[in-house]
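Novice:
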Amino acid sequence: MSEFLVGLPVSSPLLVAAMVILALALIPALVRVVRGPSIPDRVVALDLMASLTVGLLLLLGAVLGLLAIVDIAIVLALIAFLSTIAFASLIERRTRE
Amino acid sequence: MIEILTGLLALAGALFMLIASLGLLRMPDFYTRLQAAAKAGTLGILLVVIATGITLGSLSALLHAFLVSLFFILTTPIASHLLGRAAYLSGIRPWVFSDALSGRYHPITHELSSGQAPQAAQPTNGGAD
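Keeping their order, the protein sequence lines are chains A and B.
Read the first sequence against the numbering used here and you will find it ends at 661, with the numbers running on by one and no gaps.
Read the second sequence against the numbering used here and you will find it ends at 473, with the numbers running on by one and no gaps.
1. Could you check if Val574 (chain A) is buried or exposed, using at least 16 other CB atoms within 10 Å of its CB as the buried criterion?
2. Evaluate Met345 (chain B) with the Cβ neighbour count: other Cβ atoms within 10 Å of its Cβ, from every protein chain shown; 16 or more gives buried, anything less gives exposed.
3. Pick helix, strand or coil for Leu456 (chain B), following the three-state DSSP scheme.
4. Once DSSP output is grouped into helix, strand and coil, what is the label at Ile643 (chain A)?
5. From the DSSP output, read off the bridge partner residues of Tyr449 (chain B).
6. Less than 6 Å between C-beta atoms, sequence neighbours within five positions excluded: which residues of the same chain meet that for Tyr375 (chain B)?
7. Suppose only complete runs of 4+ residues qualify. What are the alpha helix (DSSP H) ranges in the stretch 602 to 637 of chain A, listed by chain order?
8. Nearest CA to the CA of Ile436 (chain B): which residue from B:Ala354, B:Leu378, B:Glu347?
9. By DSSP, does Pro577 (chain A) sit in helix, in strand, or in coil?
10. My guess is that Phe360 (chain B) and Ala384 (chain B) are in contact by the Cβ rule of under 8 Å, so how many angstroms apart are they, rounded?
11. Assuming Asp611 (chain A) and Ala644 (chain A) make a contact with CB atoms under 8 Å, what is their CB distance in whole Å?
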């Protein structure tokens with residue numbers, strides 16, 4: 565499989581370029597996570613980082629031709645949604661008391 | 345031919361997600377950051393999902409892509425709405441000069457009332473950062 569990974573730029577260079585752009589897009593979201601002034605800023609940035617990782621996994625599955633990676637992406641999206649809901653509920657409950 | 349088409353779709357989706365990330369970094373307010381991340385991020389992930397489904401090509405892959413896109417369309421507005429509500433109730437004010445919600449909700453019980461607003465055009469002193 566590693567030889568197939570080495571041969572990536574020949575097979576589908578546009579998908580690899582999209583993966584590189586997605587990996588670069590992780591950096592500003594990470595900056596916002598580190599220096600976000602409030603907790604909801606950090607939660608939004610973490611949600612966007614999870615979406616970026618889902619996109620990276622989907623494109624990896626498309627490049628390698630493996631459908632199982634798409635299942636991993638579905639599970640990651642579900643966990644990110646649930647964690648965002650939990651953080652929102654936590655923020656709201658903490659201010660209510 | 346179809347490889348170039350799906351590659352361009354994936355590239356457009358990745359660029360939209362990069363724009364969402366830059367908007368998250370550069371926007372002045374929590375709520376503007378929220379809408380930048382939600383809308384552009386959803387469009388980007390949908391384009392990437394469509395490109396993945398067409399690239400893999402089988403019926404199972406297309407069903408997976410349909411499920412992922414349906415999941416994102418359903419869950420992203422819910423998460424954004426809950427986060428915006430929690431942020432407003434926890435005291436983060438939007439970076440505008442007239443807050444349409446000010447004076448319309450009870451600060452203890454968080455009950456909204458649509459009646460007469462006592463002070464509609466109260467200037468707020470900016471958002472955080």
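Beta carbons are placed, not taken as given, at the ideal position from N, Cα and C, and that holds for glycine.
Specialist: Put simply:
1. Confidence in Val574 (chain A) is poor, its pLDDT being 49 and thus under 50, which makes the residue's placement too unreliable to answer from.
2. exposed
3. strand
4. helix
5. B:Leu456
6. Pro438
7. 603 to 628
8. B:Leu378
9. helix
10. 5 Å
11. 6 Å
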